[in-house]
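Colleague: The structure under discussion is supplied below as structure tokens; questions concerning it will follow.
There are 2 protein chains.
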Amino acid sequence: MKDEKIRINLKAVRQKAGLSLAQTAELTGVSKAMLHQIERGDSSPTIATLWKLAKGFHLPLTAFIEDLVQTTDTFAPAEKEPTRFRESLTFRTVFPFDPLFGSETFLHTLEPGQSHASDPHDTGVVEDVFVVAGTIEVLHDGEWKACQQGDGIRFRADQPHGYRNPGSNPAQFHNTMHYPKTNLYQASKGKNE
Amino acid sequence: MKDEKIRINLKAVRQKAGLSLAQTAELTGVSKAMLHQIERGDSSPTIATLWKLAKGFHLPLTAFIEDLVQTTDTFAPAEKEPTRFRESLTFRTVFPFDPLFGSETFLHTLEPGQSHASDPHDTGVVEDVFVVAGTIEVLHDGEWKACQQGDGIRFRADQPHGYRNPGSNPAQFHNTMHYPKTNLYQASKGKNE
DNA sequence: AAGGCTTGTCTGTTATAACAGACGATTGTA
DNA sequence: TACAATCGTCTGTTATAACAGACAAGCCTT
Chain A
1 MKDEKIRINL
11 KAVRQKAGLS
21 LAQTAELTGV
31 SKAMLHQIER
41 GDSSPTIATL
51 WKLAKGFHLP
61 LTAFIEDLVQ
71 TTDTFAPAEK
81 EPTRFRESLT
91 FRTVFPFDPL
101 FGSETFLHTL
111 EPGQSHASDP
121 HDTGVVEDVF
131 VVAGTIEVLH
141 DGEWKACQQG
151 DGIRFRADQP
161 HGYRNPGSNP
171 AQFHNTMHYP
181 KTNLYQASKG
191 KNE
Chain F
1001 MKDEKIRINL
1011 KAVRQKAGLS
1021 LAQTAELTGV
1031 SKAMLHQIER
1041 GDSSPTIATL
1051 WKLAKGFHLP
1061 LTAFIEDLVQ
1071 TTDTFAPAEK
1081 EPTRFRESLT
1091 FRTVFPFDPL
1101 FGSETFLHTL
1111 EPGQSHASDP
1121 HDTGVVEDVF
1131 VVAGTIEVLH
1141 DGEWKACQQG
1151 DGIRFRADQP
1161 HGYRNPGSNP
1171 AQFHNTMHYP
1181 KTNLYQASKG
1191 KNE
């Protein structure tokens, strides 16, 4: 059964923390016997107990099950689009729009001092921004939010938003646009199907 | 309790797929009564049950567990505590799974010499990899493909694949999984043995 | 050795997750 | 109106997750 991985993860986390079953029971509020059964794979814990474990170890719930989620494998390389310029920023298409997923990803580059304002998109469109290098500020809900390298921010794009680079070094950020299923249907009604 | 997320996500996923409780029971192997109790929050499902749901819907376990940001704004700061995954790589969730888009995004970190292999996932699942820093090699069709900083690769994830860092510096890469919505429907017909 | 204190394991008991099936309410069709 | 086929809800029953506590084996002190 796939549940093995849960057992392994729990044991690994516990041993990594250098805790005994009793200590773990004290820490998480899950009985010692239950911990033992989970590690042995004799019982499949409920999410409630999983949550106790996560909280006790100060780990995200996914820490115990994330490996179950790992995808894998084959690939068809994506073509690299040439860099294009708009008025105020440079961008490159990393992953082109795919109607199956309803998303597209760009890599934007902002020189120091540059800013770019984007008009509101259709309702339901969501934007993911992840700062690859440098520091940028993202405008949404009427205020500028500072985002450093490694920060990720998701927001509704059906309102005015924009980006600017307040620093002294070039900044790069990922930009993924999600177009909800409902929008796709309305947009492509009578075309695809 | 935090278990609400499970209930909400399950109901959202089910309704998104346009399935009734009976159809979902048929699809996932979880009884109709139990589905109802889970959605109502009257019972805390077992991971075994959660796994049935995930397999039935061809979705990751995180689809039911991660915060359901029904397209609300999220901010994932870079300083967020990374989740350690075994001995082979470190990652953190940048954008959690959202049933509206059917995708989730992680940020993986590979130390020099580290490698990670993944098991095949459901057909139709597509993975986007974008190298943020350093150099990695991606295993595909039995051969390792070198990917430098700024390279983006999209590939189908229904075959074994893996990542490794052959360089002498740490490497970071984005990892977005797309779970096609069509799977939800196709799975309901003819999937049962 | 003896004692005290751990470790992980194994009981018996309780709480509840999971099941099969019945039930009224609703919808569509003849 | 009557009938059939759904829907989600609500029973009673079974399976098992979760608990408290006992147990032997190992590890230090003295």
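Protein chains in written order, with our numbering: chain A, 1 to 193; chain F, 1001 to 1193.
Where is the CB? At the ideal position from N, CA and C, for every residue including glycine.
This one's a predicted model, so the numbers in the text were calculated from it and none came from an experiment.
#1: Can you tell which of F/T1135, F/E1127, F/D1042 and F/T1105 has the C-alpha that lies nearest to the C-alpha of F/G1113?
#2: Please confirm if A/Q94 has its CB atom under 8 Å from at least one CB of chain F.
#3: Please check the pair A/T46 and F/S1115, which I expect to be a contact at CB under 8 Å, by giving their CB distance rounded to whole angstroms.
#4: Along chain F, in chain order, which residues have C-beta atoms closer than 7 Å to that of A/V132?
#5: Considering F/Q1023, what are the terminal residues of the alpha helix (DSSP H) in which it resides?
#6: Using a threshold of 8 Å, state whether the C-beta atoms of F/S1021 and F/K1032 are closer than that.
#7: Do you know offhand how far F/Q1172's Cα is from F/V1126's?
#8: Out of curiosity, what's the CA-to-CA distance linking F/H1036 and F/D1098?
#9: Taking only three categories from DSSP, how would you classify F/T1072?
#10: How would you call F/N1165, buried or exposed, if buried means at least 16 neighbouring beta carbons within 10 angstroms?
#11: Whole angstroms are fine: how far does the CA of F/E1143 sit from the CA of F/D1128?
#12: Looking only at its chain, what residues have a beta carbon closer than 7 Å to the beta carbon of F/I1153, apart from the 5 residues adjacent to it on each side?
#13: Mind reading off the beta-carbon distance from A/F57 to A/A17? Whole number of angstroms is fine, and I expect it under 8 Å.
#14: For A/E26, count the other beta carbons within 10 Å of its own beta carbon; 16 or more makes it buried, fewer makes it exposed. Which is it?
#15: Whole angstroms is fine: what's the gap from A/Q159's alpha carbon to A/T176's?
#16: Please name the residue or residues paired with F/E1127 in a DSSP beta bridge.
#17: State the beta-bridge partners of F/L1138 as determined by DSSP.
#18: Excluding five sequence neighbours on each side, which residues of the same chain lie with their C-beta closer than 8 Å to the C-beta of A/P120?
Modeller: Considering the structure as presented:
#1: If we check each option's Cα against that of F/G1113, F/T1135 comes out closest.
#2: Strictly speaking, residue 94 of chain A in this sequence is Val, with Gln absent from that position. A/V94 counts as touching chain F.
#3: Contact flag wrong, Cβ pair sits at about 34 Å.
#4: Near A/V132 (Cβ distances below 7 Å), the residues of chain F are V1132.
#5: Counting along the chain, F/Q1023 sits inside the alpha helix (DSSP H) bounded by residues L1021 to T1028.
#6: The sequence given here places Leu at residue 1021 of chain F; Ser does not occur at that position. Pairing F/L1021 with F/K1032 gives a Cβ-Cβ distance under 8 Å.
#7: Straight-line measurement puts the Cα of F/V1126 at about 19 Å from the Cα of F/Q1172.
#8: If I take the Cα positions, the gap works out to 22 Å.
#9: Only weak support is given to the placement of F/T1072: the predicted model assigns it a pLDDT of 45, under 50, and the question is left unresolved by the model.
#10: Under this definition F/N1165 is a buried residue.
#11: Computed Cα separation, rounded: 18 Å.
#12: Result list for F/I1153: V1129, V1138 and C1147, in chain order.
#13: Sure, about 7 Å apart at Cβ, within 8 Å.
#14: Classification of A/E26: exposed, given that the 10 Å Cβ count is below 16.
#15: A straight line joining the alpha-carbon of A/Q159 with that of A/T176 spans about 16 Å.
#16: Note: F/E1127 sits in a beta bridge opposite F/F1155 and F/M1177.
#17: First, the residue type needs correcting, since residue 1138 of chain F is Val and not Leu in the sequence shown. BP columns for F/V1138 point to F/K1145 and F/Y1163.
#18: Around A/P120: A157, D158, Q159, P160 and H161.
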